[in-house]
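> Under this note's numbering, read the first sequence as residues 258 to 582, first letter to last. Glycine included, every Cβ here is placed at the ideal spot set by N, Cα and C. A quick note: this is a predicted structure, and the numbers were derived from the prediction, not measured.
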Amino acid sequence: MVIQCRIGRNHILHMPLPKIIAVVGPTASGKTAVGIALARAFDGEVIAADSRTIYRGLDIGTAKPTGERMLGGDLKEMAAEKPLMVEGVPHWGIDIADPDEVFSVAGYQAYADKVIDGILRRSHVPIIVGGTGLYIRALIDRPNFTEVPPNDALRVELATLSNAELMAEIAERDPDTASTIDEDNRRRLERAIEILRATGKTLAETQKFDKPRYEALQIGLEIERDNLYSRIDERVDVMIAGGLVDEVRELRNKYGNNATAMTGIGYRQVSEFLDGKTKLKDAVTRIKFDSHHYAKRQETWFKRDERIVWVHDAKGAIETAQKFL
RNA sequence: GGGUCGGUACCGAAGUGGUCAAACGGGGCAGACUGUAAAUCUGCUGGGGCAACCCUACGAAGGUUCGAACCCUUCCCGACCCA
Numbered sequence: 258m259v260i261q262c263r264i265g266r267n268h269i270l271h272m273p274l275p276k277i278i279a280v281v282g283p284t285a286s287g288k289t290a291v292g293i294a295l296a297r298a299f300d301g302e303v304i305a306a307d308s309r310t311i312y313r314g315l316d317i318g319t320a321k322p323t324g325e326r327m328l329g330g331d332l333k334e335m336a337a338e339k340p341l342m343v344e345g346v347p348h349w350g351i352d353i354a355d356p357d358e359v360f361s362v363a364g365y366q367a368y369a370d371k372v373i374d375g376i377l378r379r380s381h382v383p384i385i386v387g388g389t390g391l392y393i394r395a396l397i398d399r400p401n402f403t404e405v406p407p408n409d410a411l412r413v414e415l416a417t418l419s420n421a422e423l424m425a426e427i428a429e430r431d432p433d434t435a436s437t438i439d440e441d442n443r444r445r446l447e448r449a450i451e452i453l454r455a456t457g458k459t460l461a462e463t464q465k466f467d468k469p470r471y472e473a474l475q476i477g478l479e480i481e482r483d484n485l486y487s488r489i490d491e492r493v494d495v496m497i498a499g500g501l502v503d504e505v506r507e508l509r510n511k512y513g514n515n516a517t518a519m520t521g522i523g524y525r526q527v528s529e530f531l532d533g534k535t536k537l538k539d540a541v542t543r544i545k546f547d548s549h550h551y552a553k554r555q556e557t558w559f560k561r562d563e564r565i566v567w568v569h570d571a572k573g574a575i576e577t578a579q580k581f582l
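Below, the structure is given as structure tokens:
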């Protein structure tokens, strides 16, 4: 893929887009390890694309990679923000928000673009690693989020309206969108209204795409469902043994029970246990099942993207990356 | 050995003569989703044709009845109680 830069009057210069690699797949499919393998093979730096590991303090329940905050090798010249060094590979995008902060795709897009610029300046390969499909799409397909930021005041106001009332307003002003949103899907109804009232335009009219910024290779980690589910179950047991309950207790003490980060799988179930609403055993089972569902949703999301090259392991990932680079 | 309560689809659990292939929940499967996305939401779920319909089904075997998951008999299994 190339972008065309008009220089002077008639000279068109074909400038290749910088290449980035994205490693995608469901939770517990082994993305972290593959990301590290790729980074080592191609002199890369990892940017996590994960809506939960962005939060400081959510460590055990997010299976966040462990490492040290430091500047290694030729990173020394840029000390503004330190990446997490995991097995010698810089990881960005981890611990960039507080658990009670509201973070969203738009913020991620801006952050990741900035980090990628730095990586490219260092002549390293940016390797996006994560399971949050929307975040990855934000980087590759360039949806433009600038027009309508969330409006807390409006959301408070909308809280008094029923779903049917929200739907009626949408149906009147933006029937196309109305037909694509289920009336029970409160969250999407509210966002649609937010856009309508802020711009007077339909959802479709506000959804804009910028030009591609990168040439991306997406590598998907394919893993058999049964196998994936057992890996998830094992990982959940390890999280519990590793102190998830204490982690959640501390987070609640510090940030309250309603912090945005508490909505993540693992956190909300343990939170219920701490409230005395469930037995630990049942909370653990719940975490496992909810993680299964989550993994399924991720697969549904990624399956739809035909650009993704599916591989089974680090070896396959390195081979396809090799050809791409 | 005696007694009581139970055995329902992958699991839990309703149903107590026809409108029951059987509510509901879980699980499983499939899907939607551009500013909360590990979020939010939807559909399917005995088998076959995938509509009509047919077959197999409510522990097992008989029986009553026009008709039984639902009533009766015996048997098997489980829980609890008395011995």
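Does the Cβ of S286 have 16 or more other Cβ atoms within 10 Å, making it buried, or fewer, making it exposed?
Buried, because 16 or more other Cβ atoms sit within 10 Å of the Cβ of S286.
> Which residues bound the beta strand (DSSP E) around Q475?
Note, Q475: beta strand (DSSP E), 472-478.
> Tell me the rounded alpha-carbon separation between A552 and S419.
When rounded, the distance between both Cα atoms is 31 Å.
> Could you give the C-beta distance for F360 and A367, rounded to a whole number, given that I count them as a contact under 8 Å?
Not a contact, Cβ separation roughly 11 Å.
> Mark V493 as exposed unless 16 or more other C-beta atoms lie within 10 angstroms of its C-beta, in which case mark it buried.
By the 10 Å Cβ count, V493 comes out buried.
> Using a 10 Å radius around the Cβ and a threshold of 16 neighbouring Cβ atoms, would you call R564 buried or exposed?
The residue is exposed, with fewer than 16 neighbouring Cβ atoms inside 10 Å.
> Applying the criterion that 16 or more other CB atoms from any shown protein chain within 10 Å of the CB defines a buried residue, is V413 buried or exposed?
V413 is exposed by the Cβ-count criterion.
> May I ask which residues mark the beginning and end of the beta strand (DSSP E) holding E302?
Looking at the DSSP string, the run of the beta strand (DSSP E) that includes E302 is 301-305.
> Run through DSSP, which three-state label would A336 get?
Model confidence at A336 stands at a pLDDT of 45, short of 50, so the residue's coordinates are unreliable; what they give is reported in the following sentence. Correct three-state label for A336: coil.
> Taking only runs of the alpha helix (DSSP H) that begin and end inside the stretch 407-462, which ones reach a length of at least 4 residues, in chain order?
409-415, 420-430, 432-437, 443-456, all fully within the stretch 407-462.
> Could you have a look at K536 and say whether DSSP puts it in helix, strand or coil?
Of the three classes helix, strand and coil, the one that applies to K536 here is coil, per DSSP.
> Secondary structure at K560, three-state DSSP: helix, strand or coil?
Helix.
> For D570, collect the residues of the same chain with a Cβ closer than 6 Å to its Cβ; drop the 5 residues on either side in sequence, then sort them by chain order.
Taken in chain order, the list of residues that qualify is empty.
> Quick one, are the C-beta atoms of I385 and I304 less than 8 Å apart?
Their beta carbons are under 8 Å apart, which means I385 touches I304 by this criterion.
> Less than 8 Å between the beta carbons of K544 and Q526, yes or no?
The identity of residue 544 in the sequence shown is Ile, whereas the question assumes Lys. Yes, they are a contact pair.
> Do P400 and F466 have their C-beta atoms within less than 8 Å of each other?
Going by C-beta atoms, P400 is nearer than 8 Å to F466.
> Have a look at T434 and G457 and give me their C-alpha separation to the nearest angstrom.
Rounded to the nearest angstrom, the two C-alpha atoms are 13 Å apart.
> By Cβ distance, which residues of its chain are closer than 7 Å to I393, with the 5 residues on each side in sequence left out?
Excluding sequence neighbours, I393 sits near A279, V281, A306, I385, G387.
> Out of curiosity, what's the CA-to-CA distance linking R263 and P273?
With a pLDDT of 43 at R263, under the threshold of 50, the modelled position of that residue is not reliable, and the figure given next carries that caveat. For R263 and P273, the distance between alpha carbons rounds to 14 Å.
> Helix, strand or coil for F466 per DSSP?
Residue state, collapsed to three classes: strand.
> V568 and E481 - do their beta-carbons sit closer together than 8 Å?
No; because the gap between Cβ atoms is not below 8 Å, this pair is not in contact.
> In whole angstroms, what separates the C-alpha of A473 from that of T389?
Answer to the nearest angstrom: the Cα atoms are 16 Å apart.
> Roughly how many angstroms lie between the CA atoms of A336 and A363, to the nearest whole one?
Interpretation of A336 is limited by its pLDDT of 45, a score under 50 that renders its predicted location unreliable; no figure is taken from the coordinates.
> Whole angstroms are fine: how far does the CA of R430 sit from the CA of R309?
Cα to Cα, the separation comes out at about 35 Å.
> For the alpha helix (DSSP H) that contains K321, what are its first and last residues?
Counting along the chain, K321 falls outside any alpha helix (DSSP H), and DSSP gives it neither H nor E.
> Closest to G314 by C-alpha separation, out of I427, M519, E404, D532, would be which residue?
The shortest C-alpha separation from G314 is found at M519.
> Taking DSSP as the reference, what is the three-state secondary structure of Q579?
Three-state DSSP puts Q579 in a helix.
> Kindly indicate the opening and closing residues of the alpha helix (DSSP H) around M496.
Where M496 is concerned, the enclosing alpha helix (DSSP H) stretches over 482-498.
> By Cβ distance below 8 Å, which residues in the same chain neighbour V346 in space, the five residues on each side in sequence not counted?
Contacts found: G292, I293, A296, R297, G301, E302, V303.
> Hey, out of F581, R443, K572, whose CA is closest to A425's CA?
Nearest C-alpha to A425: R443.
> How would you call R509, buried or exposed, if buried means at least 16 neighbouring beta carbons within 10 angstroms?
The residue is buried, with at least 16 neighbouring Cβ atoms inside 10 Å.
> Which first and last residues belong to the beta strand (DSSP E) in which I384 is found?
Its beta strand (DSSP E) spans residues 382-386.
> Can you give me the C-alpha to C-alpha distance between K276 and L341, rounded to a whole angstrom?
Going by the C-alpha atoms only, they are around 22 Å apart.
> Go through its chain and collect everything with a Cβ distance to Y585's Cβ below 7 Å, but skip five positions before and after it.
One cannot answer for residue 585 here, as it falls past the ends of the chain, which runs 258 to 582.
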